[in-house]
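Down below is the structure, laid out as structure tokens.
Numbering (my numbering), first residue to last: 1350 to 1677.
Below you can see the structure in the form of structure tokens.
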């Protein structure tokens, strides 16, 4: 079994290396083509191989949309089989982190929660692989406040690391009622760049395919590279109006790293993307979208508008999250 896992891992890394090499060549060819079409100087990084790449351009066509990649191998069963999620915490969790892990477990239909105990990461991952778990979600805390979320896709990765801000739990709201466990519809807003699509795929495939008549909606809204998570249910009051109810929890997420391996190979796995210092200029160069944000509301203060469950916030907050630019 161990030899088989090593062989499959090597094959996956080889396909990933081949894809990176082909993508680098394609990007250089596009730079050359753009320079020739606009009659300007070639970029310095492609001048050495310009003649050879120009000959290859003669045989290129528009290509197909469904080009396969290592991402297709990672999520090849997405939409065919429902994901199987395992939720756990860091070691020695506080009572507040345990409550939050229960709420996270209810967010994902069909998910299971396991007490961490003294289990090591390697044994957790091995147990998840043996039971055909597709994703392992680990929640971290600092002094009783949940502040970290790790999503590890099995069996080969990727692993995404998020920082959590402004966590408002359902346990903090009195008389909030029960949470619907129907398969939710998903809304992803402002994830238009390559990195944004990568992050949306990691989050999207944590959920199964919903039914058309599902009244549960989960929103991931990107604003200045902060991902706002909101959870709503709705019902029709008449043929024109819809009543929206926020059921929680709510929080903001900020991605700081994506690795191509799983958690037990964290030390040796390749880093696909990392948030370095001096690279985050969100107002000038947003990472998750190709365009600057349409509105400017500080994500660090969104929980100060009104408490969860307040009807005033539900109407105002929904307009903030869904304020799309008008199409021309």
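Where a beta carbon is used, it is the ideal one built from N, C-alpha and C, also for glycine.
Asked                                                                                                                                                                                   : Found
Do you know how far the Cα of residue 1530 is from the Cα of residue 1643?                                                                                                              : Any answer about residue 1643 is weak, because its pLDDT of 46 lies below 50 and its placement is not dependable; what the coordinates show is given next. Distance between the alpha carbons of residue 1643 and residue 1530: 33 Å.
I think residue 1448 touches residue 1518, with their Cβ atoms under 8 Å apart; what is that distance to the nearest whole Å?                                                           : 6 Å
What's the C-alpha gap between residue 1483 and residue 1354?                                                                                                                           : 15 Å
Going by beta-carbon coordinates alone, are residue 1363 and residue 1505 separated by less than 8 Å?                                                                                   : no
Near residue 1582, which residues of its chain fall below 6 Å by C-beta distance, leaving aside the five closest residues on each side in sequence?                                     : 1529, 1564, 1565, 1594 and 1596
Please confirm whether residue 1426 and residue 1544 have their CB atoms less than 8 Å apart.                                                                                           : no
By the three-class DSSP mapping on this structure, what secondary structure does residue 1505 have?                                                                                     : coil
May I ask you to report which of helix, strand or coil DSSP gives residue 1466?                                                                                                         : coil
Assuming residue 1437 contacts residue 1465 under a Cβ cut-off of 8 Å, what Cβ separation, rounded to an integer in Å, is found between them?                                           : 5 Å
Can you tell me the Cα-Cα spacing of residue 1656 and residue 1522, whole angstroms?                                                                                                    : Here residue 1656 scores only 43 on pLDDT, less than 50, and its place in the model should not be relied on; the value that follows carries that caveat. Between residue 1656 and residue 1522, the C-alpha separation is close to 8 Å.
Report buried or exposed for residue 1481, applying the criterion of at least 16 other Cβ atoms within 10 angstroms of its Cβ.                                                          : exposed
Quick check: the Cα distance between residue 1554 and residue 1377, rounded to an integer number of angstroms?                                                                          : 32 Å
Tell me, please, which residues DSSP counts as bridged to residue 1585.                                                                                                                 : 1591
Excluding the 5 residues flanking residue 1624 on each side, which residues of the same chain have their C-beta closer than 6 Å to its C-beta?                                          : 1605
Taking only runs that begin and end inside the stretch 1531 to 1573, name each unbroken beta strand (DSSP E) of 3 or more residues, in chain order.                                     : 1534 to 1538 and 1565 to 1572
Going by C-alpha to C-alpha distance, which of 1432, 1520, 1403 and 1496 sits closest to residue 1460?                                                                                  : 1432
For my contact list, residue 1471 and residue 1613 are in at a C-beta cut-off of 8 Å; report their separation, rounded to the angstrom.                                                 : 4 Å
For the stretch 1448 to 1500, which segments carrying the beta strand (DSSP E) assignment without a break, of at least 3 residues, lie completely within its bounds, in sequence order? : 1484 to 1491
Pull the bridge partners of residue 1601 from the DSSP assignment, please.                                                                                                              : 1514 and 1577
How big is the Cα-Cα spacing for residue 1502 and residue 1559?                                                                                                                         : 21 Å
Nearest CA to the CA of residue 1440: which residue from 1603, 1491 and 1406?                                                                                                           : 1491
Just to check my reading of the structure: residue 1488 and residue 1552 have Cβ atoms closer than 8 Å, yes? What is that Cβ distance to the nearest angstrom?                          : Incorrect: roughly 15 Å between the Cβ atoms, too far for contact.
Hey, out of 1520, 1455, 1556 and 1562, whose CA is closest to residue 1585's CA?                                                                                                        : 1562
Determine the DSSP secondary structure at residue 1615, reduced to helix, strand or coil.                                                                                               : coil
Starting from residue 1623, trace the beta strand (DSSP E) both ways and give me its first and last residue.                                                                            : 1620 to 1623
Output the distance between the C-alpha atoms of residue 1600 and residue 1428, rounded to the nearest integer angstrom.                                                                : 27 Å
Leaving aside the five residues before and after residue 1516 along the sequence, list all residues of the same chain whose C-beta is less than 6 Å from its C-beta, in chain order.    : 1495 and 1600
What would DSSP say about residue 1427, mapped onto helix, strand or coil?                                                                                                              : strand
Can you grab the Cα-Cα spacing for the pair residue 1468 / residue 1479, in whole Å?                                                                                                    : 16 Å
What number of angstroms, rounded off, separates the C-alpha of residue 1609 from the C-alpha of residue 1533?                                                                          : 28 Å
Assign residue 1388 to one of two classes, buried (16 or more other C-beta atoms within 10 Å of its C-beta) or exposed (fewer than that).                                               : exposed
Which residue comes first and which comes last in the beta strand (DSSP E) that contains residue 1395?                                                                                  : Neither: residue 1395 is in no beta strand (DSSP E) and is coded neither H nor E.
Would residue 1548 and residue 1457 qualify as a contact pair, given that the criterion is a beta-carbon distance under 8 Å?                                                            : no
Residues in its own chain within less than 6 Å of residue 1454 by CB, not counting five upstream and five downstream?                                                                   : 1436, 1460 and 1462
Report the rounded CA-to-CA distance for residue 1486 versus residue 1500, giving the unit in angstroms.                                                                                : 5 Å
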